[in-house]
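Residues in the sequence shown are numbered consecutively from 10, following the working numbering.
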Amino acid sequence: MIYRDADAYGFDLRSAEEMMEAERRETDLRRRLHPMSVVARVHAWHQPPGGLLPVSLFSRRVMDDPMPLHDRVAETVPADIAGLYVDYMTRAMTGSDVRDAFRIPLTGARLVGDGARTERLVSMVDGFSDRSVRAACLLCGFDAASRRGPARWRAGRVIDPGPATVYNVRRMVARTLRFMDRVGPVVWEGFTFDGGYTDRGTSGDGDLLTADGLWDLKVSRWPPNPTYTLQLLVYWRLGLHSTHPEYLRVRRLGLYNARSDTMWSVPVARIGADAVRAVERDVIGYADGL
Numbered sequence: 010m011i012y013r014d015a016d017a018y019g020f021d022l023r024s025a026e027e028m029m030e031a032e033r034r035e036t037d038l039r040r041r042l043h044p045m046s047v048v049a050r051v052h053a054w055h056q057p058p059g060g061l062l063p064v065s066l067f068s069r070r071v072m073d074d075p076m077p078l079h080d081r082v083a084e085t086v087p088a089d090i091a092g093l094y095v096d097y098m099t100r101a102m103t104g105s106d107v108r109d110a111f112r113i114p115l116t117g118a119r120l121v122g123d124g125a126r127t128e129r130l131v132s133m134v135d136g137f138s139d140r141s142v143r144a145a146c147l148l149c150g151f152d153a154a155s156r157r158g159p160a161r162w163r164a165g166r167v168i169d170p171g172p173a174t175v176y177n178v179r180r181m182v183a184r185t186l187r188f189m190d191r192v193g194p195v196v197w198e199g200f201t202f203d204g205g206y207t208d209r210g211t212s213g214d215g216d217l218l219t220a221d222g223l224w225d226l227k228v229s230r231w232p233p234n235p236t237y238t239l240q241l242l243v244y245w246r247l248g249l250h251s252t253h254p255e256y257l258r259v260r261r262l263g264l265y266n267a268r269s270d271t272m273w274s275v276p277v278a279r280i281g282a283d284a285v286r287a288v289e290r291d292v293i294g295y296a297d298g299l
């Protein structure tokens, strides 16, 4: 609003505090009207050949679980559902309340009017029994209704998991828990970037912060690619611009794939200033860009 009087001629006469508060409200409104998740921004941004953070910079370590998985083609749920199960069930097995661990699909179910069914499902999630695994996978099917909106959610996409699926996702959680023991202690699961989000990345959260590392968890059949590594780089810089001091202790970025039981990591000291500048300025949208 422009305050006018006979002498002002249209000049903004608000105090600095009033102008800052108005700018904050306008920013919040833009982000509500035009939301974009951090992951969507990463996928939309065109990288140079090889990526801003090349996979070749990462060291690779196979963890060697002696119990192999069934082939992915034997699984009867979509790959993203397997990944969600591993994510949410890992949180539940490391101390989070089950309802809190599965809060996103529970919210999605309420949005599509299926809250009663998911209440029955969540009551069955009590560990690694076959019944628990099946219920949790079916529950994960409502995740998209929350993240993408009810209009983009499809009923019946997730069917009752078969034996190979139950075995695989249960084993991948066990592998993830073992990985966390090796790289821990874990200081934050489901980390966020409050104070660091911008108009180009209005929401998003990550997987694991350890005492010195920021980790993204995968269950893909494929090795890391430049999109995965850019996501790590964006998370790190968002964290440093956030209100959370935990990110100041991050000394390495890493990926862990529970399907291949392999970890990749890179010290942040090896990441070039040009890559950091490009991410901050062009991907995230910070005006100063390092």
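Think of the CB as a built atom: it goes at the ideal place given N, C-alpha and C, for glycine as much as any other residue.
Query, Result
"Using only alpha-carbon positions, find the residue among 282, 65 and 269 that is nearest to residue 81.", "269"
"Taking the beta strand (DSSP E) that residue 225 falls in, what are its first and last residues?", "222–227"
"Under 8 Å by Cβ, that's how I've got residue 293 and residue 207 pegged, so tell me the actual separation to the nearest angstrom.", "6 Å"
"If contacts are defined as beta-carbon pairs under 8 Å, then residue 84 and residue 174 qualify, I think. What distance do you get, rounded to the angstrom?", "4 Å"
"With a threshold of 16 other CB atoms inside 10 Å of the CB of residue 96, please say whether the residue is buried or exposed.", "buried"
"For the putative contact between residue 239 and residue 61, defined by C-beta atoms under 8 Å, what is the C-beta separation to the nearest angstrom?", "6 Å"
"Under the DSSP definition of a beta bridge, which residues are partnered with residue 301?", "Here the chain comprises residues numbered 10 to 299, so residue 301 is not present and cannot be evaluated."
"In the DSSP assignment, find the beta strand (DSSP E) that holds residue 136 and state where it starts and stops.", "Residue 136 -> no beta strand (DSSP E), and no H or E assigned at all."
"Are residue 45 and residue 211 touching if we call contact CB-CB under 9 Å?", "yes"
"For residue 68, I'd like the list of residues in its chain whose CB is within less than 8 Å of its CB, leaving aside the five on either flank, ordered along the chain.", "273, 274 and 275"
"Under a Cβ-count criterion, where at least 16 other Cβ atoms within 10 Å of its own Cβ denotes burial, should residue 114 be classed as buried or exposed?", "buried"
"Verify whether the separation of the beta carbon atoms of residue 251 and residue 205 is less than 9 Å.", "yes"
"Which term fits residue 287, buried or exposed, when burial requires 16 or more other beta carbons within 10 angstroms of its beta carbon?", "buried"
"With a threshold of 16 other CB atoms inside 10 Å of the CB of residue 71, please say whether the residue is buried or exposed.", "exposed"
"Considering only residues of the same chain and omitting the five flanking positions on each side of residue 50, which have a CB-CB separation below 6 Å?", "209 and 210"
"Under three-state DSSP, which class holds residue 167?", "coil"
"Please name the residue in 164, 217 and 171 whose C-alpha comes closest to that of residue 190.", "217"
"Pick out whichever of 140, 66 and 152 has its Cα sitting closest to the Cα of residue 121.", "152"
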